[in-house]
Structure formats: structure tokens, C-alpha cells
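Quick mapping for you: the protein sequence lines, in order, are chains R and A. Take the first sequence: its position 170, counted from the start at 1, is 170 in our numbering, and no numbers get skipped. Take the second sequence: its position 46, counted from the start at 1, is 394 in our numbering, and no numbers get skipped. Every residue, glycine too, gets a C-beta built ideally from N, C-alpha and C. Fair warning: this is a prediction, and the values are worked out from it, not measured in the lab.
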Amino acid sequence: MSQEKENIAIGYRKQFTKRVLLLFALTGATIISFCVDIAVGPSTLGFTDVLKTLFSKDSMDLATQVIVWEVRMPYSIMALLVGASLSIAGCEMQTIMNNAMASPFTLGVSAAASFGAALAIIIGVSLPGVGTEWMVLANAFLFAFGATMLLQTLSSLKGAGPEGLVLFGIALVFTFNAFTGILQYMASAEALQQFIFWSLGSLTKANWESIRFLLIIIFAIVPFSLASAWKLTALRLGEDSAKSFGVNVGRLRFLSLLRVSILTAGSVSFVGTIGFIGLVGPHIAKLLVGEDHRFSLPASVLSGALIMSLASIASKAIVHGAIIPVGIVTSLIGVPVFIILIFNKRTK
Amino acid sequence: MELLEQQEVLGKTEGRPPLIESGCELIGKLEIKGLNAGYGRKTILDQLDIPPFEVGQVTVLTGPNAAGKSTLLRALAGLLEVQGSMKFNGRELVGMTARQRAGIIGFMPQHVPNDINLSVMEAVISALKASPFDAVSGRNETLHGRALDVLERIGITHLALDHLSQLSGGQRQIASLARTVVRDPKILLLDEPTSALDLKHQVKVMKLARSFALDGRIVIIVLHDLNLALRWADRVIVMDKGKIAGYGSPTESITAKTIAAVYGVQVRIINCPLGQPHMIVDDELKP
């Protein structure tokens, strides 16, 4: 091998190592944020108290143990899981739709889940056999899943390219918002209040059962995303190129949307509408590690978890003694980032 | 005297640089019969028969806008649903899966996305790894070596670690060529590969196309520049309204009569002092 080629091979390997290190750094930052998230709350705990309770449960008093393990921990873990799943879902969506603005939130999946939840909360309608306590969850899941299936159906129609999907997603947002509006108009004051709280997106609904459920979804789905990393990277080079490299683009898009629908439906149904994580998470990931999906997918998982964890901290720290719904915080962070992204794209 | 000697050399090669003996057996052909292709309900190619494309030759597809050149290329690449028969060395290409086709055909699209945060090297490797590929073992060194060999042959080793989004349009086009050839396809389809290139790089890409053909490939290029076609093609197919309006060696197919009929312009084909044919466009044809 010539000296120039040897130098490039070394440079390429260095780039690889740098990205692996960045993934470790993101993991470290997420772990630190997770610990801070547990420490922050109405009753202040020291950072060392949190670590002690985490690693040696019995060394702390019962009150601290209950606060950390039963109150704060489910909340903080849920933040990580929801952030991770929405972010990787956003990353895949942006690639398969060839649109940097695509995310479960912007394509109507969250709006559909909201409508499902509104049906349960306001009218009390759900699938037969579903208990009252599971109605909101079941409906949100069902509608989020249904919306993505509609997106899927469109993607399989002849001639529906990525642009068609985005337009259809926007149409879904407006349609489901209109339906939800009708239900809200008809709702009693109590039901309306309950629904609005749900739709703001809050981690306070988290419990160990929902965590277990979401964890299973993530562990079942994410390996398939990672296994498609090369195909997704090839798709970034253009649909025609990917096809000529042997990628069955239609199948890739179908399976990817299926993963996105399950991840989004799982997250939204447990915590309500959380906006912009699916948009901002992947953008930060790509900024750090580029668009080689072997790195951008895991980096999206980590950056989504980190941002959501930071948002969770902010939701508890902004107003002392109160927990603002985390969906409001993510929207407050997300909207300016969204605008910056649009302006950057225009400048380019 | 020197000019005469040059003319003598060029005369033997129909005005092209002398062909380099590649040592490959240049046998094989692509036969197209009764090809139907289009977009939705709009038929562009209707029962098209084309004389066989031969291994070792560069064929240029040319013609006015909407003549069906790119449609034909996309049909060959498997990017459009087609009816009819496309056989490479007796093997039917119609109905093949994308993965099977990727082992035979390489397609370089006309438009290359410009906002990709991938290095040239990463993009070439992703072309190799996108679907299973027999010629490359799973070892990273083999893959990297292969990618680097292709970049070296195309002359862009120095760009290997640069991001595609930072390259000029021309550099991106050449990087796209690297991705197209890295899987070692037997049929190379290039859709206007010189459209974003300066003169030097146009010549470079056409020379590369010739050398890829001489390695034992069929090279089919869509080109608008007829002087490039006259200079570098072995065969030229002039298309018009989905049909073949001219076929043969460059000077047989690019004639003043054919060009007038197809493009509606008045041209002259003249030979330069070195014997190389050139086309000069004089005017539009008066109705």
C-alpha cells in the first residue's frame, strides 16, 4: 500500500476511534445527568446521598430510599427510555423520508396518540375488554400505531416518495388535532383538565410496570435498527444509489416505519405528547458523529436520553417545589432549535 | 511531419488515444428486446429493440430532452418497472431482485445529494456494505483496501477523508463514480457523469469510462455533449421520442442529417487537423 493510502487508512481508523470515544462520552454524560435528575426534586437530596442509595441501598434511611427508588427512579429512568426511543425513531424517520424535519411529532403520530387518549379520557371509549386504568394507554398506542400504519400504506403506494409521506404526515397532524378539538369542545371541565394534563406530556405517570414494558420494546426493536445501519447509510446517498447497491428500499422503508411506530406508540402512550426530542436528538447525534448510521443510531439513543434527562431536571428545577410537565420543557427547548435548523438549511 | 505521424497513430484508433491491452477477454453482451418502460401510465419506451451492447465498449446514449435516454438507463438499472427482455450473457435481468442486480449493474445517478455528512471513504464503504457482496470478505482491511484502490484509480485519494457536503459539485460527481464502480459491476450505467465537471475532469471521466470498459465491462453513458461522444464513444445511440434515431460508430450516428431531424438544428461535422471529428452548431433550422 502506498504511503498516501496508508495515511488515509490510519486517518479512517482514527475517525472510527474518535466516534467510539464520543459514544462513551455521551454515555458518561447521560449517567451523570441521570444521577442529577434523581437528586433534584421538591425534597433536596445530595448527589452523594443519591450515589450511596443507588449502590448501597441499606446505608441510607428509609425515607431517602423510598424517594430515590420509588419516586425519583421511575421518573428518571422513564425520561431516559422515552428520550432514547423517540430520538432513534426520529433518526430513522429522517433518513427514510430524506427530510431533516421529520420526527414522530411532526408527522402526526403524536397527534394521533393524543386523539386516542382524548377518546379514553373524555368519552371513555376503548377496545372491548380493556380496563379503565389501561384505556388511555391502549388508545394512545392503538392510534399512534394506526397513524404510522397509514403512513406505511401511503409509502407502499406507487409514486409516493418521501415528500408525499411528509405532506401526508402534516395532514394527519391537522386531522387528529381537529378530531381532538371536537372532543375537547364536548368535554366536561374535569375530563378536559385531565386530558390537557395528559397531552402536556408528563413523566409523573411513570411506574416500574411501564418502564418494564418500554424497556422490552427498546431491547426488541433497537437491535433491528442497528442491523440496518449500513442500508440506512446507503440510503442517505440517494434512493437510486441505494437501490443500485442492492438495497430493497421499499422493504427498508416499511420495516423502518414499523420500528418507528412501535417505539413512538410505546413512549407516547406512557407519558403523553413529548415534542421535539425526535427532532433535536438525531440532529445533535449527527453533528457529533456524522451520518454513518453505525454511530448516528446509537448516538441518537444516547443524545435523546441525555436531552430528555436534562429536560426532566429542568422541569423540576425551574419552579422550586413544583414539577412542570416535561413536554412543555422539551417544546421550549425544541422550538428555537427547530427554527435554527430551518434557517441553517435556508442559508445552505 | 510530426503532424503526419500523429495522424497516422490516431487514424488507427479512430481519433482516440491508443487502446491499452488489458489482458481481459472482452466477450459478452447485453441484449434488449421489446422493452416497455415509463412513469405511471405514461409510456416512454414502447417495444424498444436495441442492437447488443458489447463488453469492452463505451456506448453513449444521446438525444434531445425527454427522448427517453435516462428512462432507458433507469430501466436497465432496475429503477423502473419494465416489460420485455434484457439479457446479459443470456441471463435475464428483468425480474431480478435489487441484490442480484447489484452484483451485475452499477448505476451512477445524475443528481447527487449535497447535504450528506459522510466522508468520501465512508460513502464508498457503505456502497460495499449496503448488501452482501461476495467479492469482499468481512475483514475491514480488505474492504478499506478495496475502497482505497478505487479512489486511487479514480484519482481522488486526497479527498478520501473529506466530507461529501464540503466538496464541489464536480468532486461529488467523481466521488459518486467511485461508489458506482467499487462493487465491480459488469455493466456500468452513467447518467450524465460530466454535467458538473470542468473540461479537465470531463476528459478524465471519459478516459476512466474507457478504461473500465477495457477491463471487461459494458459502459453505457447518457451524454448531452456530442463532441465528447464523438471523441470517446465506441458506439452512439441517438434517441428521439423513445425510439432509436441513429445507431453506429460516432461518425455514423452523429451526422448533420440525424442531428437536424432530432434536435432541429443545423450542424457541421468537420475533422480537425488531427483527423478528429468535431461538431459545430450553426443555427436553428428554420421552420
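Buried or exposed by the 16-neighbour rule on C-beta atoms within 10 Å, applied to residue i
{"i": "A:K548", "result": "exposed"}
{"i": "R:R251", "result": "exposed"}
{"i": "R:W208", "result": "exposed"}
{"i": "R:V125", "result": "exposed"}
{"i": "R:I77", "result": "buried"}
{"i": "A:R439", "result": "exposed"}
{"i": "R:S312", "result": "buried"}
{"i": "R:N139", "result": "buried"}
{"i": "A:P635", "result": "exposed"}
{"i": "A:H506", "result": "exposed"}
{"i": "A:G388", "result": "exposed"}
{"i": "A:R527", "result": "buried"}
{"i": "R:M186", "result": "exposed"}
{"i": "A:D563", "result": "buried"}
{"i": "R:G327", "result": "buried"}
{"i": "R:I123", "result": "exposed"}
{"i": "A:G594", "result": "buried"}
{"i": "A:L622", "result": "exposed"}
{"i": "R:I307", "result": "buried"}
Cα-Cα separation, residue i to residue j
{"i": "R:T273", "j": "R:G108", "result": "11 Å"}
{"i": "R:S199", "j": "R:F213", "result": "21 Å"}
{"i": "A:E369", "j": "R:G246", "result": "Note that A:E369 scores 40 on pLDDT, short of 50, meaning its location in the model is unreliable; the coordinates nonetheless yield the value given after this. For A:E369 and R:G246, the distance between alpha carbons rounds to 32 Å."}
{"i": "R:A9", "j": "A:V529", "result": "20 Å"}
{"i": "R:T264", "j": "A:K381", "result": "49 Å"}
{"i": "A:V460", "j": "A:T606", "result": "32 Å"}
{"i": "R:A234", "j": "A:M444", "result": "20 Å"}
{"i": "A:F455", "j": "A:G596", "result": "23 Å"}
{"i": "R:R253", "j": "R:I96", "result": "6 Å"}
{"i": "R:S43", "j": "R:Q193", "result": "27 Å"}
{"i": "A:S559", "j": "A:D582", "result": "12 Å"}
{"i": "A:C620", "j": "A:M554", "result": "20 Å"}
{"i": "R:F179", "j": "R:L288", "result": "40 Å"}
{"i": "A:L578", "j": "A:T603", "result": "10 Å"}
{"i": "A:I392", "j": "A:E600", "result": "25 Å"}
{"i": "R:F141", "j": "R:G266", "result": "6 Å"}
{"i": "R:V370", "j": "R:D240", "result": "In this structure chain R extends from 1 to 348, so residue 370 of chain R is not present and cannot be described."}
{"i": "R:L45", "j": "A:R487", "result": "51 Å"}
{"i": "R:L21", "j": "R:S300", "result": "15 Å"}
Where the alpha helix (DSSP H) through residue i begins and ends
{"i": "A:I375", "result": "Per DSSP, A:I375 belongs to no alpha helix (DSSP H) and is neither H nor E."}
{"i": "R:A79", "result": "M73 to I96"}
{"i": "A:E402", "result": "Counting along the chain, A:E402 falls outside any alpha helix (DSSP H), though it belongs to the beta strand (DSSP E) covering K390 to E402."}
{"i": "R:G250", "result": "V249 to V271"}
{"i": "R:M308", "result": "H293 to A317"}
{"i": "A:K591", "result": "Taken as a continuous stretch (DSSP letters only), A:K591 belongs to no alpha helix (DSSP H), being part of the beta strand (DSSP E) at K591 to G596."}
{"i": "R:Q15", "result": "Q3 to A39"}
{"i": "A:N462", "result": "Here A:N462 belongs to no alpha helix (DSSP H), and DSSP marks it neither H nor E."}
{"i": "R:W69", "result": "First-last for R:W69: undefined, no H or E at that position."}
8 Å Cβ cutoff met for residue i and residue j
{"i": "R:S296", "j": "R:C91", "result": "yes"}
{"i": "R:P104", "j": "R:G278", "result": "yes"}
{"i": "A:I568", "j": "A:T410", "result": "no"}
{"i": "A:G612", "j": "A:G416", "result": "no"}
{"i": "A:P412", "j": "A:D546", "result": "no"}
{"i": "R:F143", "j": "R:S261", "result": "no"}
{"i": "R:V414", "j": "R:V82", "result": "Lying before the first or after the last residue shown, residue 414 of chain R is absent from chain R, which here runs from 1 to 348."}
{"i": "R:T353", "j": "R:G275", "result": "Here chain R covers residues 1 to 348 and nothing more, so residue 353 of chain R does not appear."}
{"i": "A:L383", "j": "A:M434", "result": "yes"}
{"i": "A:I464", "j": "A:L491", "result": "no"}
{"i": "R:L80", "j": "R:T27", "result": "no"}
{"i": "A:A425", "j": "A:A385", "result": "no"}
Element boundaries [beta strand (DSSP E), containing residue i]
{"i": "A:H626", "result": "P625 to E632"}
{"i": "A:M434", "result": "V430 to F436"}
{"i": "A:D539", "result": "I535 to D539"}
{"i": "A:R616", "result": "V613 to N619"}
{"i": "A:T407", "result": "V406 to T410"}
{"i": "A:T588", "result": "The sequence given here places Asp at residue 588 of chain A; Thr does not occur at that position. That run of the beta strand (DSSP E) goes R583 to D588."}
{"i": "R:K205", "result": "No beta strand (DSSP E) holds R:K205; DSSP gives it neither H nor E."}
{"i": "A:M456", "result": "I453 to M456"}
{"i": "A:V570", "result": "I566 to V570"}
- Query: Counting pairs of beta carbons, one from the segment 490 to 508 of chain A and one from the segment 440 to 457 of chain A, are three or more of them closer than 8 Å?
  - Reply: When C-beta atoms of the segment 490 to 508 of chain A are compared with those of the segment 440 to 457 of chain A, fewer than three pairs fall below 8 Å, so the two segments do not count as touching.
- Taking 8 Å as the threshold, find out whether the segment 328 to 337 of chain R comes into contact with the segment 61 to 79 of chain R through three or more Cβ pairs. Touching, no, given that fewer than three Cβ pairs across the two stretches are closer than 8 Å.
- Item | contact_flag[the segment 468 to 478 of chain A, the segment 216 to 233 of chain R] where n(CB pairs < 8 Å) is 3 or more | Here the segment 468 to 478 of chain A makes contact with the segment 216 to 233 of chain R; the two share three or more CB pairs at distances below 8 Å.
- Item | Contact between the segment 465 to 474 of chain A and the segment 510 to 530 of chain A (3+ Cβ pairs under 8 Å) | The answer is yes - the segment 510 to 530 of chain A touches the segment 465 to 474 of chain A, with three or more Cβ pairs under 8 Å.
- Quick one: any contact between the segment 561 to 577 of chain A and the segment 533 to 545 of chain A, if contact means 3 or more CB pairs under 8 Å? With a cut-off of 8 Å on Cβ pairs, the segment 561 to 577 of chain A is in contact with the segment 533 to 545 of chain A, counting three or more such pairs.
- Taking 8 Å as the threshold, find out whether the segment 161 to 174 of chain R comes into contact with the segment 107 to 122 of chain R through three or more Cβ pairs. Touching, yes.
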